[in-house]
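Okay, here's the thing in structure tokens:
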């Protein structure tokens with residue numbers, strides 16, 4: 089997994105609540121058995137005017153010029169500003185894969201759907217929850233200033249605006265540790281294999297019907 | 051000290067360890083696998099040289115993109131090459147790792163959340179995961195079931211544990227009785243309308259009260275299925291006699307002495323009388339009428355006698371913006387009557403509503419009637435091979451075909467349109483599925499979520515109608 093320590097990049101404002109995972113990556117692109125290559129179909133139905141097909145070359149497709157990520161000033165954006173309940177709907181991890189493959193490293197919103205939020209951390213993508221007022225402020229600033237960049241310092245847990253203002257955010261200690269070090273959480277869990285085995289033995293004694301039934 | 055909720059009990063009973071930062075390792079008794087969210091997880095295991103921790107905790111079946119038309123030619127004849135690769139990859143992975151799979155043409159194949167309880171693979175008191183957000187369905191059995199992403203699928207395969215944080219407890223209590231023609235789907239749509247699509251975020255929702263106590267197991271599954279549309283990763287119903295009667299005698303359910311032992315343990319799977327919930331929502335069941343979603347989020351729902359909302363009645367700018375966007379996408383006018391919405395297609399199926407009771411409800415409405423002229427297609431897609439067989443035994447297939455609906459092979463089908471069943475641009479669909487997001491059922495498609503009975507009524511009238519009018523006419 090990619091590490092996330094310090095990142096500075098152009099912020100793009102996606103001013104819409106309840107962005108669902110069908111919007112982030114429509115279902116026809118879920119048929120791949122790989123984790124990569126989803127970036128060209130990120131937000132496919134918002135980004136292009138035609139209906140996207142799997143394995144299609146996207147360079148010649150008609151673009152929706154009104155869509156934020158198609159605007160010249162937001163080219164190369166790596167921080168996405170969004171509204172409440174971002175990532176609701178399906179559990180498809182293709183959503184963070186698509187964001188990451190496109191080049192987004194962090195999404196800032198007042199709230200996230202839970203499964204999406206979890207999935208981000210497994211893929212080196214940092215979801216940041218700020219208050220409604222703080223998100224409003226960032227929307228106002230980014231729309232007012234072309235080339236507006238945000239710096240995210242995970243170690244210090246702050247978002248830094250171009251004026252140097254630092255906005256603090258919360259994150260679980262374990263998730264922070266994994267992101268900072270690019271750690272694979274399976275390896276970390278397996279360090280507790282003895283505890284898992286001990287639990288399993290107890291479980292087997294209490295609920296023997298759950299063992300060996302499905303073969 | 052206050053008593054425990056059902057969620058607290060299930061969580062505590064599966065706790066392996068709590069990490070310093072408050073996250074926990076939760077032991078997972080069961081994992082259900084399908085073709086869309088598992089290939090990268092198996093690939094991850096192979097790359098890291100890992101093996102599944104426990105083979106007998108897993109069960110698999112392809113569902114999301116299997117064709118629902120005649121498919122006796124097998125996987126090789128799936129037309130869409132990319133769908134074919136996914137179904138084949140699941141077969142190969144399960145064969146390689148020795149995981150039990152009901153393959154595409156096995157009569158036990160079906161939608162994961164229909165197949166797993168039907169087989170007794172999910173039992174009261176278990177923890178379960180599946181790489182699908184509608185895994186909450188399984189909470190109907192008094193099981194703690196989480197929808198997870200692919201990395202978590204891999205993590206559970208490799209470690210038999212999920213890293214998680216304890217959620218808060220919400221009780222949704224629906225008191226009283228439901229009126230005739232009002233179904234579990236209407237109840238859960240109404241609940242989502244009340245608490246909103248993010249209202250349950252961070253909570254495990256327990257559905258309690260008289261309405262759920264009297265509800266069948268299949269109805270409880272419909273309700274728990276849509277907990278995620280209210281933002282909650284987990285939905286639950288306490289164990290009672292209805293649960294035990296449903297579970298007894300299923301292929302993977304305990305038998306004999308183990309059955310008696312299991313029942314003793316399962317009887318404790320209820321919230322204590324003095325348990326404290328962080329949030330309680332109380333609804334009167336008799337206030338609920340058949341529901342129809344008009345917009346592009348499940349919370350955009352009203353009763354069938356109601357009308358499409360008018361943004362002029364709102365004050366919050368994000369909400370006004372949301373309503374305007376939804377009206378435009380859906381091609382509807384503010385204040386339009388719900389019964390004036392004309393349909394192009396009808397879909398009866400999905401993990402929400404494809405069980406035998408759903409099909410019986412729909413058949414009762416269409417029997418002796420014909421699909422309206424303006425309906426291009428009306429699909430009935432049973433949730434599993436066993437549901438299909440049962441329906442055919444009862445003659446439901448003939449009722450549907452006679453009325454002009456198509457009778458299909460089991461799968462997820464038009465719920466998410468990963469297979470060839472999908473909506474055309476701008477078409478309105480009365481659908482018994484769970485999501486009305488933009489493009490969900492096809493590019494530009496307009497989905498209205500309803501119960502099976504309401505979908506059937508829409509099929510035979512060509513527009514939305516209060517199904518109770520048709521049921522009354524049936525006498």
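Residue numbers (our numbering), protein chains in the order written: chain A, 89 to 303; chain B, 51 to 525.
We put the CB at the ideal spot given by N, CA and C, even for glycine.
Check                                                                                                                                           : Outcome
Host beta strand (DSSP E) of residue 356 of chain A (start-end)                                                                                 : The structure shown does not extend to residue 356 of chain A, since chain A spans only 89 to 303, so no value can be given for it.
CB contact below 7 angstroms: residue 248 of chain B versus chain A                                                                             : yes
Contact check, residue 240 of chain B vs residue 341 of chain B, beta carbons under 7 angstroms                                                 : yes
Partners in chain B for residue 114 of chain A, counting only beta-carbon separations shorter than 7 angstroms                                  : 489
Cross-strand partners of residue 280 of chain A (DSSP beta bridge)                                                                              : DSSP, once it has assigned bridges, lists no residue as partnering residue 280 of chain A.
Beta carbon proximity, residue 89 of chain B to chain A, threshold 7 angstroms                                                                  : yes
Three-state class that DSSP yields for residue 502 of chain B in the structure shown                                                            : helix
Identity of the residue in B:398, B:355 and B:408 nearest residue 386 of chain B by Cα                                                          : B:355
Residues of its chain near residue 139 of chain B, where Cβ-Cβ distance is below 6 angstroms and the 5 sequence neighbours each way are ignored : 89
Segments of 3+ residues assigned as beta strand (DSSP E) that fall wholly inside the segment 188-226 of chain B                                 : 194-197, 211-214 and 218-225
Residues near residue 394 of chain B by beta carbon distance below 6 angstroms, same chain, minus five either side                              : 426, 477 and 478
Residue range of the unbroken alpha helix (DSSP H) whose run includes residue 11 of chain B                                                     : Absent from the model: residue 11 of chain B. The displayed extent of chain B is 51 to 525, so no value can be given.
Sequence-distant residues of the same chain with beta carbon closer than 6 angstroms to residue 409 of chain B, five excluded per side          : 441 and 446
C-beta neighbour in chain B for residue 150 of chain A, strict 7 angstroms                                                                      : no
Backbone secondary structure at residue 241 of chain A - three-state DSSP                                                                       : strand
Cβ-based neighbour list, residue 189 of chain A, same chain, cut-off 7 angstroms, excluding 5 preceding and 5 following                         : 124, 125, 126 and 127
Neighbour list for residue 228 of chain A in chain B, Cβ cutoff strictly below 8 angstroms                                                      : Within 8 angstroms Cβ-Cβ: nothing; residue 228 of chain A doesn't reach chain B, min ~14 angstroms.
Under 7 angstroms between C-beta atoms of residue 281 of chain B and residue 323 of chain B                                                     : no
CB contact check: residue 73 of chain A to chain B, cutoff 7 angstroms                                                                          : What the structure shows of chain A is the stretch from 89 to 303, and residue 73 of chain A is not part of that stretch, so it cannot be assessed.
Residue 274 of chain A, buried or exposed, once every other Cβ within 10 Å from all chains shown has been counted against 16                    : buried
Own chain partners of residue 310 of chain B with C-beta closer than 8 angstroms, once the 5 adjacent residues on each side are dropped         : none
Residue 65 of chain B - containing beta strand (DSSP E), residue span                                                                           : 65-68
Beta carbon of residue 346 of chain B nearer than 7 angstroms to that of residue 376 of chain B                                                 : yes
Spatial distance of residue 200 of chain A from residue 109 of chain A (CA atoms)                                                               : 11 angstroms
Short-range partners of chain A found in the segment 467-494 of chain B, where Cβ spacing is below 7 angstroms                                  : 467, 468, 485, 487, 488, 489, 490 and 493
C-alpha gap between residue 265 of chain A and residue 92 of chain A, whole angstroms                                                           : 10 angstroms
Rounded separation between residue 159 of chain A and residue 193 of chain A - CA only                                                          : 19 angstroms
Residue of B:351, B:469, B:67 and B:438 minimising C-alpha distance to residue 486 of chain B                                                   : B:351
C-beta contact flag for residue 168 of chain A and residue 100 of chain A at 7 angstroms                                                        : yes
Pair within 7 angstroms by beta-carbon distance, residue 164 of chain B and residue 80 of chain B                                               : no
Residue 77 of chain B - partner residues in DSSP beta bridges                                                                                   : B:211
Contact check, residue 434 of chain B vs residue 168 of chain B, beta carbons under 7 angstroms                                                 : yes
Residues of the segment 192-217 of chain B with Cβ closer than 8 angstroms to any Cβ of chain A, in chain order                                 : 197, 198, 199, 200, 201, 202, 204, 205, 208, 209, 210, 211, 213 and 215
Chain-ordered neighbours of residue 299 of chain A on chain B, where CB pairs are closer than 7 angstroms                                       : 106
Contacts of residue 171 of chain B in chain A (Cβ-Cβ under 9 angstroms)                                                                         : 301 and 302
Simplified DSSP assignment, three categories, for residue 136 of chain A                                                                        : strand
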